[in-house]
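As structure tokens, the structure follows; a few thoughts come after it.
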Amino acid sequence: MTGASAETGAGVGANHTRFAELDALPTEELRQRAFTLAREKHDLKFFWSIVEHLPHADDAAERDDGLSSIGPTVDHAVALWREFTGHTSYGENEPILRAAFIDYLLKGE
25 MTGASAETGA
35 GVGANHTRFA
45 ELDALPTEEL
55 RQRAFTLARE
65 KHDLKFFWSI
75 VEHLPHADDA
85 AERDDGLSSI
95 GPTVDHAVAL
105 WREFTGHTSY
115 GENEPILRAA
125 FIDYLLKGE
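Take the sequence shown: its position 57, counted from the start at 1, is 81 in this note's numbering, and no numbers get skipped.
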């Protein structure tokens, strides 16, 4: 390979190696790294995309806004916070979230 082809080939190999390194990490480590990068970049869009994939996000979206629902609203907020900060399991959404964390880290580095 010569010129641009050699550079492109090297980039693909490096990305594949970097992906394999990231994929070997636990989900919590990926979350911490991705969140650190997003905080540094002030990337609210990334955080919002993650919130939408958390297991309790659907429950929070369906909540009643009346005064009688304040208890469940607080419970949902606490559940979302716990998931967002890594204090609970990601459930069936873990593969989607892992992919989002890895993708974000690969694009941001």
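Glycine is no exception: its CB is placed at the ideal position from the N, C-alpha and C atoms.
Just so we're clear, the structure is a prediction, and the values are computed from it rather than from any experiment.
field: Proximity of Y128 and L78 at Cβ, strictly below 9 Å
entry: No; because the gap between Cβ atoms is not below 9 Å, this pair is not in contact.
message: For R122, count the other beta carbons within 10 Å of its own beta carbon; 16 or more makes it buried, fewer makes it exposed. Which is it?
response: buried
- prompt: So G115 is in the alpha helix (DSSP H); what residue range does that whole segment cover?
  reply: From DSSP, G115 is part of no alpha helix (DSSP H); its letter is neither H nor E.
I74 to G37 span [Cα, whole Å]: 28 Å
query: To the nearest whole angstrom, what separates the beta carbons of E118 and T51, a pair I think is in contact under 8 Å?
result: That pair is a contact at about 6 Å.
- prompt: Under the three-state reduction of DSSP, which class applies to A123: helix, strand or coil?
  reply: helix
field: Inter-residue Cα distance where the pair is E138 and L54
entry: Lying outside 25 to 133, the shown extent of the chain, residue 138 is not represented and no answer is given.
message: Please report the distance separating the alpha-carbon of K69 from that of R42.
response: 24 Å
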